[in-house]
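Numbering (full-length UniProt numbering), first residue to last: 1 to 435.
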């Protein structure tokens, strides 16, 4: 926890780090010795304390929840400027959502940290370095960037590292300012050797350096722990992530496919040892995978500020309806290594899901959108979701998916209830979104 101290008489400033504190600690004035502040030794100076960033004021980052500063400021101070009040976008006031200057893209805070990300991000799983050519990948990335997408996600395991190489080559060729976009990668599976997998300090550091080499970048914005590692103590993981951030190899770290309990454990370890906690969880989320994102993660968002980045909004293409009449030869389920997806489509549960998808397709047609656009917008509307990752194999698919942003505004509570009546899988402990 950091406090900025401003001398009322001398105007000097100092930073004070308090590694152990109570969340309800209420400090308004502090007495410190004026050593190094131009004061004679031993003379006490009254200092005003301004909380810059603490767990206690996480909620204060939201405009509607910010306290009135005037009530805590002493007499004789200049009257502070009032906080500006932003109109709430339905269901997303907590994300500080705003529309881009040069596009219709919407941007949100990544959880309760300060990083602003596009509500739709481009993923590279299966496509980059594998399913599509480098030329198509360049076209997709360019169209995404020009339409306001500022987050590109990859991983060391994607296409055995080729996805990172392709992404890095394209960005270098385009010459985009590094400060204008966000790169995220994931570490866990790096190679065949025992030391090239998992979340040991060795592999986190070496794996990230390998990713940076393939990306041809000095740093990534977020490095994700891609699964938990039962063979590595949590303290080692958090210390390693703190190290790579302090070394400038990453700006933030997050988790992927971690349980809420595991995320809380990482947060607790970070607080105990004055380390850096995770800021985001990557989770699967779509019509048929709801409990974690709608029940567990919103609680973490409100308690410790962890955001959510979701993936597979179309359930690997299942929700688009492409598998309603079988498995097309050009589909992902027909690819080598994706037999599990083909079995999922053809099993009893898969056939039941197809029936629901057909009903939702009819609903999408009445709304004037595609089934994919409705499904992606449905994911974006969920509380705490900062960014929805989409994967496409053509610019046409990309532009269709980007159209989901316009559908977000018509997702009324009545429409969501109608969709739930089709899905019949609303999480039992789901709470009403906080307005």
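By construction, the Cβ of each residue, glycine as well, lies at the ideal position given by its N, Cα and C atoms.
Relative to the Cα of residue 173, the nearest Cα in the group 216, 148 and 195 belongs to 216. Listed in chain order, the non-local C-beta contacts of residue 359 below 7 Å within the same chain comprise 422, local neighbours out to five positions each way being set aside. Between the segment 180 to 196 and the segment 132 to 150, the count of C-beta pairs closer than 8 Å reaches three or more; the two stretches touch.
Residue range 250 to 256 is occupied by the beta strand (DSSP E) that includes residue 250, with no alpha helix (DSSP H) assigned at that position.
Judged by DSSP secondary structure, residue 409 falls outside any alpha helix (DSSP H); it is assigned neither H nor E. Residue environment analysis places residue 429 among the exposed positions, since fewer than 16 neighbouring C-beta atoms fall within 10 angstroms of its C-beta. With fewer than 16 other CB atoms across the displayed protein chains lying within 10 angstroms of its CB, residue 246 is exposed. When the five nearest sequence neighbours on each side are left out, the beta carbons in the same chain lying within less than 6 Å of the beta carbon of residue 132 are those of 393, in order along the chain. Burial of residue 292 is indicated by the presence of at least 16 other C-beta atoms within 10 angstroms of its C-beta.
At a Cβ-Cβ threshold of 8 Å, residue 309 and residue 200 do not count as neighbours.
By the Cβ rule, the segment 366 to 375 does not count as touching the segment 294 to 311, because fewer than three pairs are nearer than 8 Å. The three-state reading of DSSP puts residue 379 in helix, counting H, G and I together.
Residue 373 is classed as buried because its beta carbon has at least 16 other beta carbons within 10 Å across all chains shown.
By the Cβ test, the segment 191 to 207 is not in contact with the segment 135 to 142, since fewer than three Cβ pairs between them sit closer than 8 Å. DSSP places residue 310 in the strand class (E or B) of the three-state scheme. By the CB criterion at 8 Å, residue 237 and residue 187 fall outside the cutoff. DSSP places residue 420 within a helical segment (H, G or I) once states are collapsed to three. Close CB contacts of residue 163 within its chain, under the 6 Å cut and outside five residues either way in sequence, are with 124, 128, 129 and 154 (chain order). In the three-state scheme derived from DSSP, where H, G and I count as helix and E and B as strand, residue 98 is classed as strand. Closest in alpha carbon position to residue 205, among 231, 235 and 239, is 239. Taking a 10 Å sphere around the C-beta of residue 209, we find fewer than 16 other C-beta atoms and assign the residue as exposed. When DSSP states are grouped into helix, strand and coil, residue 185 belongs to the strand group. Residue 229 holds the alpha-carbon nearest to the alpha-carbon of residue 197 among 398, 229 and 403.
Taking the CA atoms as reference points, residue 207 sits about 12 Å from residue 160. The three-state reading of DSSP puts residue 110 in coil, since its state is none of H, G, I, E or B.
Per the C-alpha coordinates, the member of 203, 126, 382 and 138 positioned closest to residue 175 is 138. Distance between residue 280 and residue 97, taken at the CA atoms: about 17 Å. A distance below 7 Å between beta-carbons, with the five flanking residues on each side excluded, links residue 165 to the following residues of its chain, in chain order: 129 and 214. Per DSSP, the continuous beta strand (DSSP E) segment holding residue 282 begins and ends at 280 to 284. DSSP places residue 120 in the strand class (E or B) of the three-state scheme. If you check the CB distance, residue 287 and residue 375 come in under 8 Å.
For residue 244, the number of other beta carbons within 10 angstroms of its own is at least 16, and it is reported as buried. Here residue 242 has 275 and 276 as same chain residues with Cβ atoms under 6 Å from its own Cβ, once five neighbours each way along the sequence are excluded. For residue 216, the secondary structure class from DSSP, reduced to helix, strand or coil, is coil. With respect to the 8 Å criterion, residue 313 and residue 410 are not classified as neighbours on the basis of their beta carbons. Every alpha helix (DSSP H) of 4 residues or more that sits fully in the segment 124 to 164 is shown, in chain order, as 134 to 146.
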